[in-house]
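Engineer: Note that the numbering used here has the first sequence beginning at 925, numbered continuously upward.
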Amino acid sequence: MTPTVVESEIKSILKNKFSEEEVSQFSISPPPPHINLDASTNFALILSKKSGKKSDDIFKEISILLAAHGFETEFTSGFMNIKFNKLIYEKYINFLYSSPNPFTDKKNKTRILIEFVSANPTGPLHLASASGACLGDSLSNIMKELGFEVFKEYYVNNVGNQIELLGISLMSRFLGNEPPEDGYKGEYLIDLAKKLPPEAKEWAEKNEILKFSQFAINEIITQQKKDLSDFGLVFDRWFMESELHKKKLPDKILDILKQKQAVEEKDGAIWLKMDDKNEDKERVLVKSNGAKTYFLNDLAYHYDKYERGFDWIIDIWGADHHGYIPRMKAGIKTLGLDEKKFTVIIHQLVSIKKGNEILKMSKRTGRFYTLRQLIDETSKDAVRFFFTMRSPNTHLIFDIDLATKQSNENPLYYVQYAYARINSIIKNASEKRIEETWSFEKYELSKDDRKILKKIFWFERILKQCLKDLSPHHITTYLIDLAGEFHGYYERNRVLDESDLLTTHARLFILKGIKAILKKGLDLIGVSAPEKM
RNA sequence: GCGCUCAUAGCUCAAUGGAUAGAGCAACGGCCUGCGAAGCCGUAGAUUCGGGUUCAAUUCCCGAUGAGCGCACCA
């Protein structure tokens, strides 16, 4: 008995009186807070506009029709509000407990590949990666809940200039020297140098930089995986760029493009012709020194993603890469792939505020605050909740001092506290041997009951909103809302009262509904739901 | 200069084109000898500016102002 089910039920009732086309316009939505009925629709408003009939008359027709099926209706300022029979809520809560994934659309067969974080393997993960990590992981969870098949991937640039530079930097540290001017100067390489095996001496003598690079990459990736799993995030695959080269995929891409006469040679380099209006400049695929560009390799990578047969390919990038979108899309289209299957989600970069200073945080420049530090100084839950509260389009200012010092004021605890409180009440009930009931029996729902039941009932809509906006932040704000409603409900409504078991049973039942939704919501954003705090 | 994103309360952020714009923090005033005060109740406080579309605009369109990011034979 989710909103979707109720909606289709009402639709089938409406078909007795209205045409197929008219009924298809019908939808229900949650009413605003001051209306204390359960659902709302602007159906009469829309229909009167199309048919010329008075919306009052249409309302009366619907009203009679629905009344016969147990739905009470009211008409106010153009909107029709609907009151549910309590059985709908009863079935809803039971459904939450009888199905492990109550919001899954079993007909949904869409296979999604979502790639995110994908930081270079040249150092520890930084705060800049945190927002992408939270966004991608939570969104994946939500999509899975809605029935999509989701595959999470991390792309590792383990080839190229940067990697060579990493090797040189590590070798310098090994020999007790400073890394070169444009090298990697972070202290982590000093630590890594100490872990090098005895053979490293020979590597250095023979100037085998690649071996240093290999060692560094392996160590760094291991550490990144550890950091991420402590952050609650496990990828299905770490895709190495070297795999593409092993398969000679970039060369194949080049051949395809040549066949399609989409390239031209100029100044000793090979360029991709661009006919896309958004991207008027031509782009280099192979440099005049014969080296392949990142762009060509990335095209090969995305070609590989398509080859693997996904229906939807999603990349999550920081805003500093947004200018790259038209180029990628044009490239994909030129390769003859369906660019409509490819979506890039852009999230704005995070600025860090430390003291009174605001520091810009891009992957390139802001290498000073690691994800590990942040988790250690606050908690995984606090960080995930904090980042998932914001829409990806927010130009967020992250106040480190505030985040660490006041982590107790993070709304996270407000939500977790609601969950712990409910568990405490349920525990007390079982200690008092109050039996569980899974129905409202003869209990009449109060306005207050209905208000919070309405809140948990409409959770499904939040999930759909997340999918539409490709952002999980609606869940987080919803959870804060729901926790607030619960705390208020708790103050006003004594749950356990052995002199009134009818009310006690009904309220415990409602609490179980709230509990299920809080748990589901927290799970989806990767935050734990503690039984007690 | 061109492009993308953003502008909401003192601060950090919400708001499928809908009905009275919501939270948290900060401020002020109340509530623990009944289920957890990490809580509740109350007061004060906001849509950058100018046009347009619409029955209805914080939301869509145009312009102005301000901020972030991007415009490589880097990755």
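A virtual CB, placed ideally from N, CA and C, is assigned to each residue, including glycine.
In this text, all values refer to a predicted model and were calculated from it rather than measured experimentally.
Measuring CB to CB, does R1374 end up less than 8 Å from D980?
Structural biologist: Cβ distance not < 8 Å, so R1374 and D980 don't count as in contact.
Engineer: Do the segment 1190 to 1197 and the segment 1091 to 1104 touch if we need at least three Cβ pairs shorter than 8 Å?
Structural biologist: The answer is no - the segment 1091 to 1104 does not touch the segment 1190 to 1197, with fewer than three Cβ pairs under 8 Å.
Engineer: Compare the beta carbon distance of L1446 and A1453 with 8 Å and say whether it is the shorter of the two.
Structural biologist: Result yes, Cβ atoms of L1446 and A1453 sit closer than 8 Å.
Engineer: D1421 to F1364, Cα distance in whole Å?
Structural biologist: One C-alpha to the other measures close to 16 Å.
Engineer: Could you round the C-beta distance between G1002 and N960 to whole angstroms and report it? I think they count as a contact, below 8 Å.
Structural biologist: In fact, because the Cβ distance is near 18 Å, the residues do not count as touching under 8 Å.
Engineer: So who's on the other strand from H1271, going by DSSP bridges?
Structural biologist: DSSP, once it has assigned bridges, lists G1242 as partnering H1271.
Engineer: For I1399, count the other beta carbons within 10 Å of its own beta carbon; 16 or more makes it buried, fewer makes it exposed. Which is it?
Structural biologist: By the neighbour-count rule (16 or more Cβ atoms within 10 Å), I1399 is buried.
Engineer: Hey, is the segment 1082 to 1101 in contact with the segment 1113 to 1133, meaning 3+ C-beta pairs nearer than 8 Å?
Structural biologist: Yes: the two stretches touch, three or more of their Cβ pairs being nearer than 8 Å.
Engineer: Could you spell out where the beta strand (DSSP E) holding E996 opens and where it closes?
Structural biologist: It spans 996 to 1000 - the beta strand (DSSP E) in which E996 sits, taken as one unbroken run.
Engineer: Identify the residues that DSSP records as bridge partners of W1162: which are they?
Structural biologist: Looking at the DSSP assignment, W1162 forms a beta bridge with Y1078.
Engineer: What does the Cβ neighbour count give for M1457, buried or exposed, with the cut at 16 atoms within 10 Å?
Structural biologist: Exposed.
Engineer: Under the rule that 16 or more other beta-carbon atoms within 10 Å means buried, what is N1202, buried or exposed?
Structural biologist: Confidence at N1202 is low in this model, with a pLDDT of 47, below 50, so the placement of that residue is unreliable and no value is reported for it.
Engineer: Taking C-alpha atoms, which residue in W1241, Y1225, L1178, Q1183 lies nearest to V1208?
Structural biologist: Of W1241, Y1225, L1178, Q1183, the residue nearest in Cα terms is L1178.
Engineer: Can you list, in chain order, the residues of its chain whose CB lies under 8 Å from that of K977, leaving out five sequence neighbours each side?
Structural biologist: These residues qualify, in order along the chain: L971.
Engineer: Is it right to say Y1021 is buried, meaning 16 or more other beta carbons lie within 10 angstroms of its own, or is it exposed?
Structural biologist: The residue in question, Y1021, is exposed, as its Cβ has fewer than 16 Cβ neighbours within 10 Å.
Engineer: Taking the alpha carbon of A968 as the reference point, which residue from P927, S951, I1237, P957 has its own alpha carbon closest?
Structural biologist: Taking only the C-alpha atoms, the option nearest A968 is S951.
Engineer: Report all residues from its chain with a CB closer than 6 Å to the CB of K1371; omit the five preceding and five following residues, and keep chain order.
Structural biologist: Closer than 6 Å at the Cβ level, and outside the excluded window around K1371, lie N960.
Engineer: Identify whether E1123 lies in helix, strand or coil by the three-state DSSP scheme.
Structural biologist: Of the three classes helix, strand and coil, the one that applies to E1123 here is coil, per DSSP.
Engineer: Judging by CA-CA distance, which residue of V930, L1037, E1088 is the nearest neighbour of F1072?
Structural biologist: The shortest C-alpha separation from F1072 is found at L1037.
Engineer: Would you report the Cα separation of T1428 and V1419, rounded to the nearest angstrom?
Structural biologist: Cα to Cα, the separation comes out at about 5 Å.
Engineer: Does the segment 1220 to 1239 come close enough to the segment 1294 to 1310 to have 3 or more Cβ pairs within less than 8 Å?
Structural biologist: Flag = no, the segment 1220 to 1239 and the segment 1294 to 1310 do not touch.
Engineer: Taking the alpha-carbon positions, what's the H1397 to H1319 distance?
Structural biologist: Those two C-alpha atoms are separated by around 14 Å.
Engineer: Please state whether DSSP places S972 in a helix, a strand or coil.
Structural biologist: Correct three-state label for S972: helix.
Engineer: How many angstroms separate the CA atom of K1287 from the CA atom of A1052?
Structural biologist: Interpretation of K1287 is limited by its pLDDT of 40, a score under 50 that renders its predicted location unreliable; no figure is taken from the coordinates.
Engineer: In angstroms with no decimal places, state the Cα-to-Cα distance between G1290 and P1316.
Structural biologist: Its pLDDT being 39, under 50, G1290 is placed unreliably in this model, and the value from its coordinates should be taken loosely. C-alpha separation (whole angstroms): 19 Å.
Engineer: Taking only three categories from DSSP, how would you classify F1072?
Structural biologist: Coil.
Engineer: Pull up the DSSP beta-bridge partners for S964, would you.
Structural biologist: S964 is bridged to S953, N1005.
Engineer: For H993, is the classification buried or exposed, using 16 other Cβ atoms within 10 angstroms of its Cβ as the cut-off for buried?
Structural biologist: Looking at its Cβ environment, which holds fewer than 16 other Cβ atoms inside 10 Å, H993 is exposed.
Engineer: Output yes or no for whether 8 Å exceeds the beta carbon distance between V1080 and E946.
Structural biologist: Their beta carbons are not under 8 Å apart, which means V1080 does not touch E946 by this criterion.
Engineer: Look up K1287 in the DSSP assignment and say whether it is helix, strand or coil.
Structural biologist: With a pLDDT of 40 at K1287, under the threshold of 50, the modelled position of this residue cannot be trusted; read the value that follows with caution. Coil.
Engineer: In angstroms, rounded to a whole number, what distance separates the CA positions of F1322 and G1437?
Structural biologist: One C-alpha to the other measures close to 34 Å.
Engineer: Give me the Cα-Cα distance between Y1367 and I1017, rounded to the nearest whole angstrom.
Structural biologist: If I take the Cα positions, the gap works out to 16 Å.
Engineer: For S1452, which three-state DSSP category applies?
Structural biologist: DSSP places S1452 in coil when its eight states are reduced to three.
Engineer: Measuring CA to CA, which of L1435, K1304, P1048 is closest to E1014?
Structural biologist: Closest option to E1014, Cα to Cα, is L1435.
Engineer: Which class does H1429 belong to by DSSP, given the choice of helix, strand or coil?
Structural biologist: Helix at H1429.
Engineer: When you compare only the Cα positions, how much space is there between I934 and A991?
Structural biologist: Between I934 and A991, the C-alpha separation is close to 11 Å.
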